[in-house]
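Participant: Starting off with a structure, shown below.
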Amino acid sequence: MNPSVNLSPRSKSRMGRFMREKNYHFMVWPGVLFMLVFSYYPMVGIVMAFQNYKYGNGIFGSPWVGTMQFQMMFRDPAFWNALRNTVGISAIKMVTGFICPIVFALALNEVGSKKFKRFVQTASYLPYFISWVVVASLMTFWLGTDVQGIINKALVGLGILKEPVAFLTYPEYFWSIAVISEIWKTTGWSAIIYFAAISGIDQEMYEAATVDGAGRLRKIWNITLPAIKPTMAILLILSAGNLFKGSFDQSYLLQNAMNFSSSDIMETYVLRYGMSLGRFSMATAAGLFQSLLNVVAVLIVNGAVKLLDREQGLF
92 MNPSVNLSPR SKSRMGRFMR EKNYHFMVWP GVLFMLVFSY YPMVGIVMAF QNYKYGNGIF
152 GSPWVGTMQF QMMFRDPAFW NALRNTVGIS AIKMVTGFIC PIVFALALNE VGSKKFKRFV
212 QTASYLPYFI SWVVVASLMT FWLGTDVQGI INKALVGLGI LKEPVAFLTY PEYFWSIAVI
272 SEIWKTTGWS AIIYFAAISG IDQEMYEAAT VDGAGRLRKI WNITLPAIKP TMAILLILSA
332 GNLFKGSFDQ SYLLQNAMNF SSSDIMETYV LRYGMSLGRF SMATAAGLFQ SLLNVVAVLI
392 VNGAVKLLDR EQGLF
């Protein structure tokens, strides 16, 4: 007996649709399962932020302490130093990381030679694929331990410095090093999205502007920028989600005892308290607080974008 005989018309329609889309389901559900197991299931551990977690007792056997972990965290000077560094470095990266790819994409779009354009575009996003381990090793060699490195020699040769400086040993230089290295590594890759958005602009608009006597800057201001404004808005909102996060790989690998006061961010703070000091509950509280701040930052930036233009915004 065919079991589909007893199915309602709606169930038959759903079954038929599932059979037509079964290949897509086979591709989607492994990703959904991966997300549930590795993204949502670990969120059960958030309860440790409200416990005095003991490894031997487990999550459900450790005593509840309410908000005590948060109170201890707020009284910790190291927490406020890490938060200051995180917000300071991330805010500068957010501004420069938003502006530099746009300027780079607009400038390269005006280049007439297609071969040169392809070469520069390829060369610009290759640094993105270089591991932070490699980048940090080079920067430590050039800016940290070896004062006779190529950067120091260049700065002394140009007369900018009177004598070589081990930059990574000075806390006051760390923020600049972090921002500049981030721009070098990510600008080309981030500009790819803007290249795609610019390539989708109707070329007849540029031709009409040329007929009307508009120059390159006028075309950029009146045609290109308005056309990529939705892309700019979405990327700005998404970048706000990292405002209270920072770059763990970069800060952790470039961090040393001498620049610690400027290189310690929330991510390294959580790692230190959780793994090195074994204060799992306090590390969880710091991570939860950090996530809540990132959500608030996204909501604020999204609201600000919608105030400027109600048609923009991520949600």
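Take 92 as the starting number for the sequence shown in our numbering and just add one per residue.
Even glycine gets a Cβ: it sits at the ideal position worked out from N, Cα and C.
(1) Is glutamine 142 helix, strand or coil when you go by DSSP?
(2) For leucine 326, which of Gly147, Pro121, Arg111, Val186 has the nearest alpha-carbon?
(3) Please list, in chain order, all residues of the same chain as tryptophan 155 whose beta carbon is under 7 Å from its beta carbon, the five residues on each side excluded.
(4) Thinking C-beta only, is threonine 177 closer than 9 Å to glutamate 295?
(5) Taking the beta carbon of glutamine 162 as the centre, do at least 16 other beta carbons fall within 10 Å, making it buried, or is it exposed?
(6) Quick one, which of Val123, Gly149, Ala196 has its alpha-carbon nearest methionine 323's?
(7) To which residues of the same chain is valine 389 closer than 7 Å at the C-beta, ignoring the five residues directly before and after it?
(8) Tell me, please, which residues DSSP counts as bridged to tryptophan 429.
(9) Quick one: which unbroken alpha helix (DSSP H) runs of 4-plus residues sit fully inside the stretch 151 to 220? Chain order, please.
(10) Does DSSP put methionine 106 in a helix, in a strand, or in coil?
(11) Below 8 Å, how does it come out for the stretch 305 to 323 and the stretch 346 to 361: are there three or more Cβ pairs, yes or no?
(12) Can the beta-carbon of lysine 145 be found closer than 9 Å to that of alanine 269?
(13) Would you call the stretch 164 to 180 in contact with the stretch 257 to 275, where contact means no fewer than 3 C-beta pairs closer than 8 Å?
(14) Return the first residue and the last residue of the alpha helix (DSSP H) that arginine 309 is part of.
(15) CB glycine 188 to CB threonine 277, shorter than 9 Å?
(16) DSSP three-state call for aspartate 400: helix, strand or coil?
(17) Rounded to the nearest angstrom, what separates glycine 250 and leucine 217 at their Cα positions?
(18) Using beta-carbon positions only, say whether alanine 257 and leucine 229 come within less than 9 Å of one another.
(19) So which of Gly149, Arg111, Trp275 has the shortest CA-CA distance to proline 192?
(20) Would isoleucine 180 and serine 338 qualify as a contact pair, given that the criterion is a beta-carbon distance under 9 Å?
(21) Go through its chain and collect everything with a Cβ distance to leucine 379's Cβ below 8 Å, but skip five positions before and after it.
(22) Near valine 135, which residues of its chain fall below 8 Å by C-beta distance, leaving aside the five closest residues on each side in sequence?
(23) Alpha carbon to alpha carbon, how far is alanine 299 from alanine 182?
Facilitator: Reading it off the structure:
(1) The sequence position of residue 142 within the sequence shown is 51, counting from 1. Three-state result, glutamine 142: strand.
(2) The residue you call residue 326 lines up with position 235 of the sequence shown. Comparing Cα-Cα distances from leucine 326 to each of Gly147, Pro121, Arg111, Val186, the minimum goes to Val186.
(3) By 1-based counting over the sequence shown, the position of residue 155 is 64. Within the same chain, tryptophan 155 has close Cβ partners Phe141, Gln142.
(4) By one-based count along the sequence shown, residue 295 stands at place 204. By one-based count along the sequence shown, residue 177 stands at place 86. Not closer than 9 Å, so no.
(5) Numbered from its first residue, the sequence shown carries residue 162 at position 71. With fewer than 16 other Cβ atoms within 10 Å, it is exposed.
(6) Here the question's residue 323 lines up with position 232 in the sequence shown. Closest by alpha carbon: Ala196.
(7) Working through the sequence shown from its first residue, we reach residue 389 at position 298. Cβ within range, chain order: Ile328, Ala331, Gly332.
(8) Beyond the ends of the chain as shown, which are 92 and 406, falls residue 429; an answer cannot be given.
(9) 159 to 165, 168 to 200, 205 to 216
(10) The count along the sequence shown starts at 1 and reaches residue 106 at position 15. The answer is helix: DSSP assigns methionine 106 an H, G or I state.
(11) no
(12) Position 54 of the sequence shown holds residue 145. Position 178 of the sequence shown holds residue 269. No, they are not a contact pair.
(13) yes
(14) Translated into positions along the sequence shown, residue 309 becomes position 218. 307 to 310 is the extent of the alpha helix (DSSP H) around arginine 309.
(15) On the sequence shown, position 97 is the one that residue 188 refers to. On the sequence shown, position 186 is the one that residue 277 refers to. Cβ distance < 9 Å, so glycine 188 and threonine 277 count as in contact.
(16) Residue mapping note: residue 400 aligns to position 309 of the sequence shown, counting from 1. Coil, per DSSP.
(17) If you number the sequence shown from 1, residue 250 lands on position 159. If you number the sequence shown from 1, residue 217 lands on position 126. If you take the alpha carbons of glycine 250 and leucine 217, they lie about 31 Å apart.
(18) Taking the first residue of the sequence shown as 1, we reach residue 257 at position 166. Taking the first residue of the sequence shown as 1, we reach residue 229 at position 138. No, Cβ-Cβ distance for alanine 257 and leucine 229 is not below 9 Å.
(19) For this step, residue 192 is matched to residue 101 along the sequence shown. When only C-alpha atoms are compared, the closest one is Trp275.
(20) In the sequence shown, residue 180 corresponds to position 89, counting from 1. In the sequence shown, residue 338 corresponds to position 247, counting from 1. Cβ distance < 9 Å, so isoleucine 180 and serine 338 count as in contact.
(21) Numbered from its first residue, the sequence shown carries residue 379 at position 288. Once the five neighbours on either side are set aside, the close Cβ partners of leucine 379 are Ile137, Ala140.
(22) Sequence index remark: in the sequence shown, residue 135 carries index 44 (1-based). Hits under 8 Å: Ile150.
(23) Counted from its first residue, the sequence shown places residue 299 at position 208. Counted from its first residue, the sequence shown places residue 182 at position 91. If you take the alpha carbons of alanine 299 and alanine 182, they lie about 40 Å apart.
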